[in-house]
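Report on the structure given below.
Numbering (our numbering), first residue to last: 103 to 1010.
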């Protein structure tokens, strides 16, 4: 099997301390996994990338690192408008004015040769991006010259002074400094690789291509090229930030002094701009640290400056991180994940990352600036599902004694605060509760008092947080009772004089601890603590993150991770709520042979033909991985008693919550209006196998919605009385039918998605067998009783297959043939023209006459609602050339009683 682009890209994953060339923008909410890559064979990478994105139509989210000192002149304009702006505000005149401004300035800065063409590439999105708070738009531009960074900075400064004069007509809401991206100019910000996009956004397209030239009179000449003729395959490198073959032009000596000033100031600021503000000026900056002693001094100062009450979790995260053993700071894959978790928790924890890394004998103090550059780029590329919770989980499993020590120390810190004067507020007790149970409970809606508890490897809804509430009277109460007993025993031991100042203070503390313990069993007190706890436990990102990882499958006894191809314990930051509701059983081909043979025999009966059976194994296995790389819509087609429903039933037993049943209206009805309830969409978040109800005769596919669902575009839905959510669909869409849906479109985008799987077997009583029919099998009325036993083994068989195929499916000839036959039955226009229209020199057909004949023909042959004439006329235009004044020339209608002498007149 061919290596997937994902596997190819992962082979270039950056190693610890290694410089990188590209990153992938991650977004866990949309199930996009980030990454940092060091690609060594750029031409080969471009070839595979073009096939992946432009040939196969797959979505990608890559950025490319700019050279820090020199490179193509890249420009990024960011436009922000009021929300009532719904259309693009700039036009081609705005663009050419801007290009002219750039070249007028470049003429002053560079000695541009006369009559030398310089290419200018303009990129725009298809449409503006309308958000709730703002409407966004923008322009990307590459000017095809190789230019040093200080010159680019000088040019930007000049452009900023004049940009407002040429674009004063744009109703912008952001400042000119914000419009013209400084990070791109400085080379600190990565450039979006052409064809890639930010998750949930459109990609920039090459919309205009100019050549600029200075003629003999020193005038600018602009010529326009046809972008449709741009040879993407051979000229793709020109559209990248790393292309180094652009024209190099010498600098004008008149600006040399300004150039040197900018160049020197940039050198000085390279390190100072990255200084971390968390260290007092009298201490060393972390980027200047060169020894263990200096590092320890930095860490000490950092921890002293952490605000204990407001940011205690930062200090706690540091301690948990330092509790990790060499099992985490030596292996690269674990080391970098610790870094990601720290970055996602708080940016100041870079110091912790260095202190953690310095424990390894591979660590080099001279590379701290490189580590910081890597750290900064993780904002766009790391796995944002990892947080401080991940670190706590790792310590708990890697170094339990240290975990226990830190946890008890943390809880005791907050308990002691509640015993201090004025420290016993409801909020303070809620804080103690939070540090006891923050890994086990989360509040996802303050208004609706909606809680989740982490149990059996997943998050389960817990009404009103009742399981947390009861711990106030149990575990929290127990902590204060234990503290009361410990302090009382100490006071009674004679070690301290009860009448001394310390003894009296301890007596007061004991009395207050006793009062607190008693109050923790009072209903009103518990209610007040829970009200405060809702705000403290509230996780704003839970709804977006839950069930968003397409590579995880939850079982009753753990989680299968398709990235690592291992079964492991679940973690809170897996953010799983769905489950198969069965135990994972590791497949043993000897031990489970009997059950496996029964399942194989069942599949052989369903699909007697080997190639279709192999396809179905791959297709069903692909549902386990929530990535629809094949972008297919599978139609299980066949007359009654053919096993379709039994196969779907078995998948339901195996997949549990991951199998969803949806109404056929999902792909046949008109799109819901914005903001309307679409609970059938919401329930599909995290589902892997979505089966639609049997369609009725005449039901027609809404091709736009079908493409959206199967194409990996974000879906939006809103459950009743809830906010809307956006997510990337993970499910494979299936319909079981005896009646094929009508398809009004004949475009390749629609038909490449449709895969018809014919169920050709017949299950019936032996006495009902038809001697002339193939593939008949005796009906087993108790087959469903076996599914409970089969399901875990069947699912393990599918997991084994999915790990072999990486979730990819090879479409077999049988499916291709059935899908093509289906397409032919839906291509009314081709069939009609073949039957009723012929080429005939000198003849003519009027559109009104054509449509009348088409209506009669359609009703006779298909007996359904006749399509509108517009689509027929467009088909005629493509087939025979555009009509002129409602008439097609050199064609005639074929009438049933054909008379060649009357054909011309009657057709007209």
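We put the beta carbon where it would ideally sit given N, CA and C, even for glycine.
The stretch 607-641 contains no complete beta strand (DSSP E) run of 3 or more residues. When rounded, the separation of the alpha-carbon atoms in residue 460 and residue 442 is 17 Å. In this structure, residue 893 sits away from residue 583, with a CB-CB distance that is not shorter than 7 Å.
Counting the other Cβ atoms within 10 Å of the Cβ of residue 287 gives 16 or more, which makes it buried. Within the model, the alpha-carbon separation for residue 890 versus residue 792 is close to 20 Å.
In this structure residue 926 is exposed. Its beta-carbon is surrounded by fewer than 16 other beta-carbon atoms within 10 angstroms.
Taking 8 Å as the upper bound for CB-CB distance, residue 856 and residue 835 are not in contact here, some 10 Å apart.
Inter-residue distance for residue 760 and residue 268 is about 55 Å (C-alpha atoms, whole angstroms). Contact annotation, residue 733 with residue 789: C-beta distance approximately 17 Å; criterion of less than 8 Å not satisfied. Residues of the same chain with a CB within less than 6 Å of the CB of residue 438, apart from the 5 flanking positions on each side, do not exist.
CA-to-CA, the gap between residue 516 and residue 579 works out to about 14 Å.
In the DSSP assignment, residue 353 falls outside any beta strand (DSSP E) and carries neither an H nor an E. As the crow flies, the alpha-carbon of residue 160 is around 9 Å from that of residue 153.
Short of 7 Å from the beta carbon of residue 851, and not among the five residues preceding or following it, lie these beta carbons of its own chain, in chain order: 809. Counting other Cβ atoms within 10 Å of its Cβ, residue 534 reaches 16 or more and is therefore classed as buried. About 4 Å separates the CB atoms of residue 178 and residue 283; that is less than 8 Å, so the two are in contact.
In the displayed model, residue 841 falls within coil according to three-state DSSP, outside both helix and strand.
A Cβ-Cβ distance of about 5 Å is found for the pair residue 541 and residue 674, placing them in contact under the 8 Å criterion. Rounded to whole angstroms, the gap between the alpha carbons of residue 871 and residue 980 is 50 Å. Around residue 897, the same chain offers 756 as residues with beta carbons nearer than 6 Å, after the five sequence neighbours per side are excluded.
Straight-line measurement puts the Cα of residue 464 at about 28 Å from the Cα of residue 166.
If you draw a straight line from the Cα of residue 145 to the Cα of residue 123, it is about 13 Å long. Residue 258 sits in a helix when the DSSP states are folded into three classes. In its chain, beyond the 5 residues on either side, 285 have a beta carbon closer than 6 Å to the beta carbon of residue 291.
Between the beta-carbon of residue 353 and that of residue 345 there is about 20 Å, and that puts the pair past the 8 Å contact cut.
Between residue 636 and residue 548, the CB-CB gap stays under 7 Å. Per DSSP, the unbroken beta strand (DSSP E) holding residue 182 starts and ends at 172-183. Contact holds between the stretch 180-196 and the stretch 234-242, because three or more Cβ pairs, one in each stretch, are under 8 Å apart.
Distance from residue 304 to residue 227 at the Cβ level is roughly 4 Å; contact confirmed, criterion being Cβ atoms closer than 8 Å.
Counting other Cβ atoms within 10 Å of its Cβ, residue 628 reaches 16 or more and is therefore classed as buried. CA-to-CA, the gap between residue 348 and residue 222 works out to about 11 Å. Take residue 513, set aside five residues on each side of it, and the residues of its chain with a beta-carbon closer than 8 Å to its own are 534, 537, 538 and 581, in chain order. Under the DSSP assignment, residue 545 falls in the beta strand (DSSP E) whose first and last residues are 543-547.
Shown here for residue 691: same chain residues with a beta carbon closer than 8 Å to its own, the five before and five after excluded, namely 698 in chain order. Contact check between the stretch 659-670 and the stretch 639-649: fewer than three CB pairs, one atom from each, fall below 8 Å, which does not count as touching. Put simply, the stretch 209-216 touches the stretch 314-326. At least three CB pairs are less than 8 Å apart.
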